[in-house]
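K.L.:
Shown below is the structure under consideration.
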Amino acid sequence: MEVSILRCSLLFLFAATALADDGQVTFVSELSSKPAQKLSKYGWYGNVRLHRFHVPEETAVARWVFTVTKNHNFNCRQYNVSIYLRWGAPPVINPVGTVFPKDTVWSHPHSLRLPVPVTLQSSTTFNLTSPAAGDWYIAAHLPEDDGRIEQKGFPSCSYFFQPQLSIRKAVDTPVLEQGTILQQTAGPDRSARLKLYIPEFSSSVSVWLNNCSSEDPHSENCSVVLRLGSRALQEEPLSVNCSGTYCSATLPNPPWDMWLQVVVETSNSNRTVTFNIVSNYTVRCKPKSVGLAAGDDYRKLRGNISSLNSTSPKNSSEPVLFSNTSFALTPAPGSACVWNIPVLSEELDVLSVRYTPTSGANISVTNAQPTLLRYPLHTVTTGGTLNFQLALNSTNATLGNGSSVVACLSPWTPVLELNHSVSCRTALFKGYSIHVNTSVPKAVVRLPYPQSATWYLTLQLTCNGTDCGNASVVSVVPEVFVSACVEDCGTYGECRLIRSFTYLYAACSCKAGWSGWGCTDDSKALSISRQVIAALMLTISNLFFIPAIVVAVKRHYITEASVYLYTMFFSTFYHACDQPGVAVMCIMDYDALQYCDFLGSVCSIWVTILCMARIKDTFKYALFMLGALLLALSMQLDRKGLWNMLGPVICALLILVAAWVYRGVKRHHCYPPSWRRWVFFLLPGALCALIAVSVFVFAQTEDNYYYTHSLWHILVAGCVVFLLPPKEKHREASGWTQGFSWTWNWRPRVCGYTLCESGKDELYTVT
């Protein structure tokens, strides 16, 4: 709400209206901001903080302010925050230099480095003139993760990233209509800004400047810079340096169905120029008008395709719209330039869209004119992967040597002519080209995070020379679909959906040392033998609880022994299910195994310390049950929280100290009284516990996890063996330990009665 109020205030505050007779436009300013998010070290794309900003049409200048804030300066290292910008889709990044999957195409986004100084806050700005309209994506992260496992809850240095965007937008930009001459003025402090609309099927657009004059009477010509298009960082507008009274600029294959910015700036810093400007666009072909078709009407429409093509007059100026593989293609009329095939778009799931040509899977391609298919990609699909696969129909035996089917996949506008000399690129945007022939019958291209646009696929048969012989028509199978991840991240990866506010995107989370965009980089991968060894170490190390169970049973601590058995069982099978590679065995749901393992581990510590306190059985078992219930609640709320373990340990130690102080005061000597108990049991057990906690908190990393966590199992199990108190041989008359003795005292037989007395209560039986 505050951001909206601020935006409206700035809208009226910065509105600057120029005089109506000088042809200048009105500018307003707007401001948008995103909340600060905590930065993470880069391990996979899920560690990236992604923000999306919308830049409206007719924006003259966009200015981003990036701010990084530290929570404190204590023990904070100096990092360089990496920031990436991309228009139309999230940036595809590779900060650690991993190998991308085969047939995956990507381009480097624009990146910035923001060093975090000693101060608590640092900021940098990035200005962009004439930015492309639409969604802009900002990604930020800290340097590569060093693999250290940090326990949740311990104090650590946090870095927060917050981006802000302020724009200066024109609200009354003159429209440069085709054939209409406009007189404009460009000065040192203001540029002449116009816009023109590019309709579909435009093959080129041209802009002319004439009658250019300067206010300087001694200058016969004027120097200006003419720019067509917007800046998208990876794609730059067409710029032409003009001198004299006449200048022109031409864009072949301009973007369809879009507004194109036209900016004229003077090259002289202190001179104002006046000129006339006019535009014109050329349309090579225009499709025939058709209506909507669905259900039975759609089937009738497909049935009428043959008659539609056969009845088209030879001298018609309108091209054939549809093609069908059930009949042979005939040459298109003279002015026709493309076979246009409709495509059905079907949403299957989140970030999953399938495109199917309405004429069938097989598409006929000719050498005379290209075949065109269009695939609309909306914003909700830009967080996935665009997959394009082209296969040659196996029945095509007439395709000779040197002949191939060339395909060009391009955004916003198609390439309407494909041959060996024409590259797969339009005026402002790059396309992606593949080809198939008898030697390479199948080709694949994958585009992670494709830009939100209408993508066009152009297919054409090219021959080795001017004559294709018998192969004038070839059948191919184009397959285009959007998936969440590349090949579902393979064997050693997991495709995960990530949400940034309302925007959803997907990324691969790799395991077993594999890395890369599709978890296909095996440079640091664990071998099968190492995976098996790691699994065996983490599972077999839990067997060190067996001595603790035996000691507990032998000393009549049956409840404690059952807790240790529970912990050993679930820790063993949790780590068997938690393995990142192929050596995995899950006896139940992973989440349930993890919950039981964490609960059993903390309960083992809880019952061990309470057992050492030697409190009365009634109190001890009540605390056992109460602690287990509270631990189950805390584990459900925050399973990896620091206080899940620290809280029970502190409470149990307080009870232990109170009980031991009570006994020491009552007996007037230290408790436990035996120095052997202190030297050979309590001190070694405390040392094992201290080493175990140090290894668990400070020494664990992703690389040594198998060794350090196995050592944690061994040390914790050893602590239990050392710290469990011995069996109490004599029951005290009163005090905290009354009723603790497991020794039964039998009294002599009196008058036919046997008196039985235990440490817990007195039982009388008649014999």
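Per the working numbering, the sequence shown starts with residue 751, numbered consecutively. Glycine included, every Cβ here is placed at the ideal spot set by N, Cα and C.
Which of the three DSSP states is assigned to C1469 in this structure?
P.N.:
In this structure, C1469 counts as helix in the three-state DSSP scheme.
K.L.:
Do F951 and V1033 have their CB atoms nearer than 9 Å?
P.N.:
yes
K.L.:
Secondary structure at M1008, three-state DSSP: helix, strand or coil?
P.N.:
strand
K.L.:
Name the two residues that bound the continuous alpha helix (DSSP H) containing W1356.
P.N.:
1340–1363
K.L.:
Give me whichever residues DSSP pairs with P1228 in a beta bridge.
P.N.:
DSSP, once it has assigned bridges, lists L1140 as partnering P1228.
K.L.:
Would you mind reading off the limits of the beta strand (DSSP E) that contains S1160?
P.N.:
1154–1161
K.L.:
Let's test the definition: count the other Cβ atoms within 10 Å of the Cβ of E985 and tell me whether it reaches 16, buried, or not, exposed.
P.N.:
Using a 10 angstroms sphere on the CB of E985, the tally of other CB atoms reaches 16 or more, which defines it as buried.
K.L.:
Of all the CB atoms in chain C, is at least one closer than 9 Å to the CB of P840?
P.N.:
This model lacks chain C altogether; it includes just one protein chain.
K.L.:
Ignore the nearest five residues each way along the sequence and tell me which others in N1187's own chain have a CB closer than 6 Å to its CB.
P.N.:
S1154
K.L.:
On the three-state DSSP scale, how would you describe A999?
P.N.:
Under the three-state reduction of DSSP, A999 is assigned to strand.
K.L.:
Out of curiosity, what's the CA-to-CA distance linking L1094 and P1200?
P.N.:
19 Å
K.L.:
Can you check which of these residues, Y1255, S1189, V1156, is closest to C1174 by C-alpha distance?
P.N.:
With distances taken between Cα atoms, C1174 lies closest to V1156.
K.L.:
Answer with buried or exposed for I1337, where buried requires no fewer than 16 other C-beta atoms within 10 angstroms of its C-beta.
P.N.:
Classification of I1337: exposed, given that the 10 Å Cβ count is below 16.
K.L.:
Excluding the 5 residues preceding and the 5 following Y1316 in the sequence, name in chain order all residues of the same chain whose CB lies nearer than 6 Å to its CB.
P.N.:
Answer for Y1316: G1350, listed in chain order.
K.L.:
Please name the residue, chosen from K784, T1163, E1244, T817, that lies closest to S832 on a Cα-to-Cα basis.
P.N.:
T817
K.L.:
With distance defined between alpha-carbon atoms, name the residue in L1474, V798, R977, I1365 nearest to Q1011.
P.N.:
R977
K.L.:
From Q933 to I1027, what does the alpha carbon distance come to, in whole angstroms?
P.N.:
6 Å
K.L.:
Suppose contacts are defined by Cβ-Cβ distances below 9 Å. Is A890 in contact with E808 by that definition?
P.N.:
A distance of 9 Å or more separates the beta carbons of A890 and E808.
K.L.:
If we ignore side chains and look at the alpha-carbon of each, how far apart do T1106 and I1113 end up?
P.N.:
Cα to Cα, the separation comes out at about 11 Å.
K.L.:
In chain order, what residues of the same chain lie with their CB nearer than 8 Å to the CB of Q871, ignoring the 5 residues before and after it?
P.N.:
T817, V818, T819, K820
K.L.:
Select from T1204, A1203, S1202, S1183 the residue whose C-alpha is nearest the C-alpha of V1194.
P.N.:
When T1204, A1203, S1202, S1183 are compared, the shortest CA-CA separation from V1194 is found for S1183.
K.L.:
The beta strand (DSSP E) that contains S857, what's its start and end?
P.N.:
Premise fails: S857 is in no beta strand (DSSP E) and is neither H nor E.
K.L.:
To the nearest angstrom, how far is the alpha carbon of G897 from that of F777?
P.N.:
50 Å
K.L.:
Report yes if the CB atom of P851 is closer than 9 Å to the CB atom of E1237, and no otherwise.
P.N.:
yes
K.L.:
Please say whether P881 and W837 have beta carbons closer to each other than 9 Å?
P.N.:
yes
K.L.:
Grouping DSSP H, G and I as helix and E and B as strand, with all else coil, what is D1238?
P.N.:
helix
K.L.:
Mind checking E900: buried by the 16 CB within 10 Å criterion, or exposed?
P.N.:
exposed
K.L.:
Please state whether the Cβ-Cβ distance between L1001 and L983 is less than 9 Å.
P.N.:
No; because the gap between Cβ atoms is not below 9 Å, this pair is not in contact.
K.L.:
Is it the case that the segment 1292–1305 contacts the segment 1256–1271, given that we only count it when at least three CB pairs across the two stretches are under 8 Å?
P.N.:
no
K.L.:
Between the alpha carbons of A1177 and S956, how many angstroms are there, rounded?
P.N.:
12 Å
K.L.:
Can you give the beta carbon distance from W794 to C1260, rounded, assuming they're within the 8 Å contact cut?
P.N.:
7 Å
K.L.:
Provide the residue span of the beta strand (DSSP E) that contains W837, from first to last.
P.N.:
DSSP places W837 inside the beta strand (DSSP E), whose first and last residues are 830–837.
K.L.:
Just curious, the alpha helix (DSSP H) that D1367 is in, first and last residue?
P.N.:
1367–1387
K.L.:
What is the DSSP secondary structure of P1198, counted as helix, strand or coil?
P.N.:
strand
K.L.:
Using C-beta distances below 8 Å, list every residue in its chain close to D883, excluding the 5 sequence neighbours before and after it, in chain order.
P.N.:
According to the sequence shown, residue 883 is Ala rather than Asp. Around A883: V805, P806, E807, E808, T809, S980, W1009.
K.L.:
Check for me: the alpha helix (DSSP H) holding V1399 runs from which residue to which?
P.N.:
Here the alpha helix (DSSP H) through V1399 covers 1393–1417.
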